[in-house]
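Numbering (our numbering), first residue to last: 666 to 1043.
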């Protein structure tokens, strides 16, 4: 059987190839904007512990219902909510039925709710290394028991970031982080915060391990714009901000993200993100309701992580030193961390003889993990 290229076939092949390259070029040029909804937790700022328990229950119930209600929409427009600390899930487990808690776990697995390794919005520069790790134990256990694939850890609002934290997070399983600052009550100048050298980079420790960090320069508009801890307080404005940042010398990428909504509000219940993503998407840009993880996955599938800048630097301590104001209490907590080592070593030895001994202290052990994840709340 012979085959010859007629002029008509050649023309058809040229058209197909042209369309293929044009489509690829348009895809590369299209902007992708990720809007992430969360409520920044300022524990005790606006209420007592029971008030915050109620916030956790109300917000999780609301956003679980939102996820169900938007399941029929295209993936970019489905409701997604980001717990800014694992305390949400801990309180939900304490005050809801096992069936309700499993509903939350299911929505975390499906990507409609996200949870980080940090228990609260904490400062880290004044913590012992061991306290940081133990403060993530409950979250790590939850991750393993429910196959959650937790990938995020954050240190929000504080103007500085410790060098070694990247290694501790990476060793615990985190792959991504984002940071937004207050730009307030700090000796760190606005000029430094508004003109960062790198806005997405490999945050790397001295051991070479680390994670990918999104830390945008602080907008002159303050902490409720890009670079703040509530970048998406006004989702429609956030889209415009991201569009202005995309493909610029300081940020030569077409994939941007505006994370954080609740700012200093006690409770945050909104469906604005679902509507904004639909309203603001067009042929030139796709807007997504984000679980934060999806932003990084998309970004790294488009841009090679090895091509990103590397930062191995300490920014010093800012709010990290506030724990000095409670010197006696802080010293007691630090000493308690050291005592845990001896207690657990002895418990391990006894468990060789009595296999039920170690499990009997699980409630106390969990309480210690939660206490360490909570004490350095900002």
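Beta carbons are placed, not taken as given, at the ideal position from N, Cα and C, and that holds for glycine.
Through-space distance from residue j to residue i, alpha-carbon basis
i            : j            : result
residue 797  : residue 756  : 20 Å
residue 989  : residue 853  : 19 Å
residue 1025 : residue 1008 : 14 Å
residue 823  : residue 788  : 7 Å
residue 703  : residue 724  : 10 Å
residue 969  : residue 910  : 20 Å
residue 747  : residue 994  : 32 Å
residue 741  : residue 938  : 10 Å
residue 952  : residue 1020 : 54 Å
residue 907  : residue 862  : 18 Å
residue 840  : residue 890  : 25 Å
residue 779  : residue 804  : 12 Å
residue 945  : residue 905  : 9 Å
residue 1044 : residue 960  : Residue 1044 is absent from the structure shown; the chain starts at 666 and stops at 1043.
residue 714  : residue 949  : 46 Å
residue 1057 : residue 967  : Nothing can be reported for residue 1057, as the shown portion of the chain is limited to 666 through 1043.
residue 1016 : residue 793  : 28 Å
residue 726  : residue 719  : 11 Å
residue 918  : residue 964  : 9 Å
residue 782  : residue 1028 : 20 Å
residue 708  : residue 776  : 26 Å
residue 695  : residue 947  : 10 Å
residue 1030 : residue 735  : 39 Å
residue 838  : residue 849  : 31 Å
residue 717  : residue 785  : 12 Å
residue 928  : residue 895  : 5 Å
residue 705  : residue 844  : 12 Å
residue 962  : residue 832  : 20 Å
residue 934  : residue 981  : 35 Å
Beta bridge counterpart(s) of residue i as assigned by DSSP
i           : result
residue 846 : 822, 893
residue 697 : 920, 951
residue 879 : 843, 865
residue 711 : Looking at the DSSP assignment, residue 711 forms no beta bridge with any residue, so it has no partner.
residue 703 : 747
residue 787 : 1042
residue 817 : 841
Coarse secondary structure for residue i, derived from DSSP in three states
i            : result
residue 812  : coil
residue 776  : coil
residue 724  : helix
residue 770  : helix
residue 1045 : A query on residue 1045 cannot be resolved here, the shown segment of the chain reaching from 666 to 1043 and no further.
residue 716  : helix
residue 913  : strand
residue 795  : helix
residue 928  : coil
residue 899  : coil
residue 739  : coil
residue 872  : coil
residue 852  : coil
residue 781  : coil
residue 1026 : coil
residue 888  : coil
residue 729  : helix
residue 828  : coil
residue 800  : coil
residue 1019 : coil
Heavy atom of the ligand MN within 7 Å of residue i beta-carbon
i           : result
residue 794 : Looking at this structure, you won't find the ligand MN or any other ligand, since it has none at all.
Every unbroken beta strand (DSSP E) within the segment 944 to 1010, with a cutoff of 3 residues, ordered by chain: 950 to 955
Stretch pair the segment 805 to 820 + the segment 767 to 781: three plus CB contacts closer than 8 Å: yes
Any 3 or more C-beta pairs closer than 8 Å across the segment 969 to 986 and the segment 882 to 889: No, they do not touch.
Validate contact between the segment 954 to 963 and the segment 696 to 714 using beta carbons, cut 8 Å, 3 pairs: yes
contact_flag[the segment 890 to 902, the segment 865 to 873] where n(CB pairs < 8 Å) is 3 or more: no
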